[in-house]
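Going down the list, the sequences are from chains C and A. Each number in my numbering comes from the position in the first sequence (counting from 1) with 88 added on. Each number in my numbering comes from the position in the second sequence (counting from 1) with 616 added on. Yeah, the Cβ is synthetic: ideal placement off N, Cα and C, and Gly gets one too. Computed from a predicted structure; not experimentally measured. Okay, structure first, notes after.
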Amino acid sequence: MTDATAGSAPRTPARSLFAEDARTKRRNRAEARFRAYGLAAVVIGILALIMLLISILSNGLSSFRQTYVTFPVELAEARLDPQGNRNPEEIAAVTTFGYLPVMAMAFIEHVDAMGIEHDLSPQEMAAMISGEAPAQLRAMVLANPDLVGQTVTLEMLVNGRIDGYFKGRVTMASAERDNNVTPGQLVLAQALADAGAMETRFNWNFITAPDASGQRPEAAGLGVAIIGSFYMMLVVLALALPIGVAASIYLEEFAPKNRLTDIIEVNISNLAAVPSIVFGILGLAIFINFAGLPQSAPIVGGLVLTLMTLPTIIIATRASLRAVPPSIREAALGVGASKMQAVFHHVLPLAAPGILTGTIIGLAQALGETAPLLLIGMVAFVREYPAAPLDGLFDPASALPVQVYNWTQRSDPAFVERASGAIIVLLVFLVFMNAVAIMLRRRFERRW
Amino acid sequence: MNDMRVTERTVTDKQIKMKARKVQVFYGDNHAIKDVDVDIEDKTVTAFIGPSGCGKSTFLRCLNRMNDTIDVCRVEGEIDLEGEDIYDAKVDPVQLRAKVGMVFQKPNPFPKSIYDNVAYGPRIHGLARSKAELDEIVEKSLRRAAIWNEVKDRLQAPGTGLSGGQQQRLCIARAVATSPEVLLMDEPCSALDPIATAQVEELIDELRERFSVVIVTHSMQQAARVSQKTAFFHLGNLVEFGETSKIFTNPDDPRTESYITGRIG
Chain C
89 MTDATAGSAP RTPARSLFAE DARTKRRNRA EARFRAYGLA AVVIGILALI
139 MLLISILSNG LSSFRQTYVT FPVELAEARL DPQGNRNPEE IAAVTTFGYL
189 PVMAMAFIEH VDAMGIEHDL SPQEMAAMIS GEAPAQLRAM VLANPDLVGQ
239 TVTLEMLVNG RIDGYFKGRV TMASAERDNN VTPGQLVLAQ ALADAGAMET
289 RFNWNFITAP DASGQRPEAA GLGVAIIGSF YMMLVVLALA LPIGVAASIY
339 LEEFAPKNRL TDIIEVNISN LAAVPSIVFG ILGLAIFINF AGLPQSAPIV
389 GGLVLTLMTL PTIIIATRAS LRAVPPSIRE AALGVGASKM QAVFHHVLPL
439 AAPGILTGTI IGLAQALGET APLLLIGMVA FVREYPAAPL DGLFDPASAL
489 PVQVYNWTQR SDPAFVERAS GAIIVLLVFL VFMNAVAIML RRRFERRW
Chain A
617 MNDMRVTERT VTDKQIKMKA RKVQVFYGDN HAIKDVDVDI EDKTVTAFIG
667 PSGCGKSTFL RCLNRMNDTI DVCRVEGEID LEGEDIYDAK VDPVQLRAKV
717 GMVFQKPNPF PKSIYDNVAY GPRIHGLARS KAELDEIVEK SLRRAAIWNE
767 VKDRLQAPGT GLSGGQQQRL CIARAVATSP EVLLMDEPCS ALDPIATAQV
817 EELIDELRER FSVVIVTHSM QQAARVSQKT AFFHLGNLVE FGETSKIFTN
867 PDDPRTESYI TGRIG
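The structure is reproduced here in structure tokens:
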């Protein structure tokens, strides 16, 4: 060890710098090992993330595309407006079931007119169109009674299985075993697509339409859930930000440092760790059972999520207030500013980027929260769009994560695609919010 | 730097601006300042010297009640500003600090424009009735702090973009903008290089014409250069207080002599 170099040198150093001694070797090996562990951990994390993204995207991207069939429908007066006076109230007396045969007949006639050969029964042909289509046609006629008696060309949703055929989810082989679809229907669908009457295109309805029943996955959309989540975020922002910031400023800058504030401080940290479903029970007990607010309403969801977000905002705000150097406070006090002036003129503007970042991260957390919303009834099946705020805050609505939860429970395999699509929408919102948080931090970060 | 150079200045009888009697300061159980009596004269530079931890900064911060911001700090005794007890229950420290300004060890300009840095004090105290008056106060203060010529073309530039010495002079301008009667300086040059230090020292000498200046310094040479009166603190006690020339040439107390000659500290 000590005589590692050749003996020809006039004076061999007792320990050569060119040879690693045992201790150094051991230390270097330990460091190399640690780096390898770290790298492995990062690689595993990245792989998991990539697999998650691939799985969600491959399942969910198809939900943004939907198959439609185009054909002319004669809106016969005899069936849709027997009295013939175009009175909307009387037209409304005809239910969706009254529109079903009108539509089915028009479709069958159109297929025959196109000269496509098939051996399907009328029932099988009618089943190719979505159960949602007659309801859409009815809504269209009610909105514009003058359409009765005319022939209109309609673009209608097709059944989820037929849609699945164009997306590769349903094949001839699987149709053989499926009670809900026959290979003959798929053959006809393919023929219609070749003739240009059926096409798969971008599906805005997935983002704007309300939820649909378990039998009609092709019509299900996220409209109500997005509005519900948006309303809840409004409530959270309007309540959690001012309350959280005010509480933090008081605790950090004004409150005396004593046992009581210590207890408050510890409990705020504890609150941040309380399981979110507990907040749901709290919300159910206080806001619905005691205060009598309506179930499934964004206002209740917002209040519950506010309680959940407050600790996050308070902790982030206090951290950013603490990060403002005390010299700034001293400088302000030194020229005769009052404590409040020092805080509001100097400390708060410097802490603002951190506060905003914390708030947005808190909001993003609240946006993805499911458990407490289940307990306050936001899991209900809601097809009516809530009204504009503030009244709309009290209308029933759904929420994005709850919609995902809901769809994953339904039996039709088309809902797998819908649920993954909803996850994509949710992730896009979350990524957008985090990007805004990072941008704000970069933009307003100031050095002193 | 001409070490131990003592400026000979005539010190005429001046009125007493601030008077401290039997001042005790406690940090919790720690008795940090014991029985300090000091008279701060008007239009005079008074230097507080002493080894680290001797309480000179603590005492300085008592003079404008900056210690109020520290929860565990307790001050006893009497400190008068022109005959009024500044620790009286009726005194609002905010008003006091407008009269007794402070410059800190590390330059701490607000992260705002140079103009806003200086204008902040006059604004919150309502010293200017119009924009023109405020402009005038800002210019006057910057001139007094001997930095006007360097910044007059970039008043809207951020104050934090200046060099360390310029920042400290900006802080002095900010402190004089509220027209204080006493200016407290807590080691104002300790974060500056020798050139900036020389500029600030020169400035302190000019400020003496209008204000009563109290400066805490670690550098005995600096105390000797800028001050007329010197107080030597040791372990929380005021050991000796008198004419700067006397303290540095012929101190009464052996501890002062040891410190000045470098044997303790």
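Just tell me which of C:Ile369, C:Arg117, C:Pro330 and C:Arg471 has its CA closest to the CA of alanine 446 (chain C).
-> In the sequence on display, residue 446 (chain C) carries glycine and not alanine. Looking at the Cα atoms, C:Pro330 is the closest of the given residues.
Spell out whether any CB of chain A is found under 7 Å from the CB atom of glycine 371 (chain C).
-> By this cut-off, glycine 371 (chain C) is not an interface position.
If the cut is a Cβ gap below 7 Å, which residues of chain C does tyrosine 736 (chain A) touch?
-> Val423
Reduced DSSP secondary structure (H/G/I, E/B, other) of lysine 862 (chain A) = helix
In the DSSP assignment, find the beta strand (DSSP E) that holds glycine 693 (chain A) and state where it starts and stops.
-> That run of the beta strand (DSSP E) goes 689-697.
Can you tell me where the beta strand (DSSP E) with asparagine 646 (chain A) in it begins and where it stops?
-> 646-657
Beta-carbon of serine 104 (chain C) versus every beta-carbon of chain A: anything under 7 Å?
-> no
What whole-angstrom Cβ distance do alanine 791 (chain A) and glycine 742 (chain A) have, given they're in contact under 8 Å?
-> The pair is not a contact, with the Cβ atoms about 18 Å apart (cut-off 8 Å).
Distance, Cα to Cα, arginine 834 (chain A) vs threonine 865 (chain A)?
-> Checking the sequence, you will find histidine at residue 834 (chain A) rather than arginine. A straight-line Cα-Cα distance of about 18 Å links histidine 834 (chain A) and threonine 865 (chain A).
List the endpoints of the continuous alpha helix (DSSP H) containing valine 816 (chain A).
-> 810-823
Best match in C:Ala373, C:Asn293 and C:Leu322 for proximity to glycine 450 (chain C) [C-alpha to C-alpha] = C:Leu322
Listing by chain order, which chain A residues have their CB less than 7 Å from the CB of lysine 345 (chain C)?
-> Asp687
Which parts of the region 733-795 of chain A are runs of the alpha helix (DSSP H), unbroken and 4 residues or longer, counting only runs that do not cross its ends?
-> 747-760, 764-767 and 780-792
For my contact list, isoleucine 142 (chain C) and serine 508 (chain C) are in at a C-beta cut-off of 8 Å; report their separation, rounded to the angstrom.
-> Not really, about 11 Å apart at Cβ, beyond 8 Å.
Determine the chain A residues that contact serine 415 (chain C) at a beta-carbon separation under 7 Å, and present them in chain order.
-> Phe720, Lys722 and Asn724
Rounded straight-line distance, which links the Cα of proline 727 (chain A) to that of tryptophan 536 (chain C) = For tryptophan 536 (chain C), the pLDDT reaches just 46, beneath the cut-off of 50, and the residue's location in the model is therefore unreliable, leaving the point undetermined.
Contact the region 185-200 of chain C vs the region 255-267 of chain C: 3+ CB pairs below 8 Å = no
Please compile the residues from chain C whose C-beta is within a distance smaller than 9 Å of the C-beta of glycine 717 (chain A).
-> Gly422, Val423 and Gly424
Expressed to the nearest angstrom, what Euclidean distance is found between the alpha-carbon atoms of tryptophan 495 (chain C) and isoleucine 416 (chain C)?
-> 53 Å
Neighbourhood of lysine 635 (chain A) by C-beta distance below 6 Å, restricted to the same chain and skipping five residues each side | Contacts found: Asp655 and Asp696.
Assign methionine 466 (chain C) to one of two classes, buried (16 or more other C-beta atoms within 10 Å of its C-beta) or exposed (fewer than that).
-> buried
Going straight from the alpha carbon of threonine 877 (chain A) to that of threonine 660 (chain A), what length do you get?
-> 25 Å
If you draw a straight line from the alpha carbon of lysine 638 (chain A) to that of glutamine 837 (chain A), how long is it in whole angstroms?
-> 29 Å
Going by beta carbon distance, what residues of the same chain come within less than 8 Å of proline 796 (chain A), once the five residues before and after it are set aside?
-> So the list reads Ala714, Lys715, Val716, Gly717 and Phe827, once near-sequence residues are dropped.
From alanine 744 (chain A) to glutamate 752 (chain A), what does the alpha carbon distance come to, in whole angstroms?
-> 9 Å
Is the Cβ of arginine 637 (chain A) closer than 7 Å to any Cβ of chain C?
-> no
For the region 432-450 of chain C, enumerate the residues whose C-beta is nearer than 9 Å to any C-beta of chain A, in chain order.
-> His433, His434, Pro437 and Leu438
Alpha carbon to alpha carbon, what distance is there between lysine 845 (chain A) and lysine 630 (chain A)?
-> 12 Å
Identify whether proline 160 (chain C) lies in helix, strand or coil by the three-state DSSP scheme.
-> strand
Name the residues in the region 786-797 of chain A whose C-beta lies less than 9 Å from a C-beta of chain C; which are they?
-> If you check each beta-carbon in the region 786-797 of chain A against every beta-carbon of chain C, the ones closer than 9 Å belong to Cys787, Arg790, Ala791, Ala793, Thr794 and Pro796.
Anything in chain B within Cβ reach of alanine 714 (chain A), meaning under 8 Å, just list it in chain order.
-> Among the protein chains of the structure shown, namely C and A, there is no chain B.
Would you kindly check if the distance between the Cβ of alanine 283 (chain C) and the Cβ of threonine 158 (chain C) is under 7 Å?
-> no
Taking one C-beta from the region 355-374 of chain C and one from the region 431-445 of chain C each time, how about it: are there three or more such pairs within less than 8 Å?
-> Touching, no, given that fewer than three Cβ pairs across the two stretches are closer than 8 Å.
Interface flag, alanine 419 (chain C) vs chain A, CB-CB below 7 Å | So, interface residue.
Is it buried or exposed for proline 305 (chain C), if we count other Cβ within 10 angstroms and need 16 for buried?
-> buried
In whole angstroms, what is the alpha-carbon distance linking asparagine 618 (chain A) and lysine 345 (chain C)?
-> Reliability fails at asparagine 618 (chain A), whose pLDDT of 47 lies under 50, so the model's placement of it is uncertain and no value is given.
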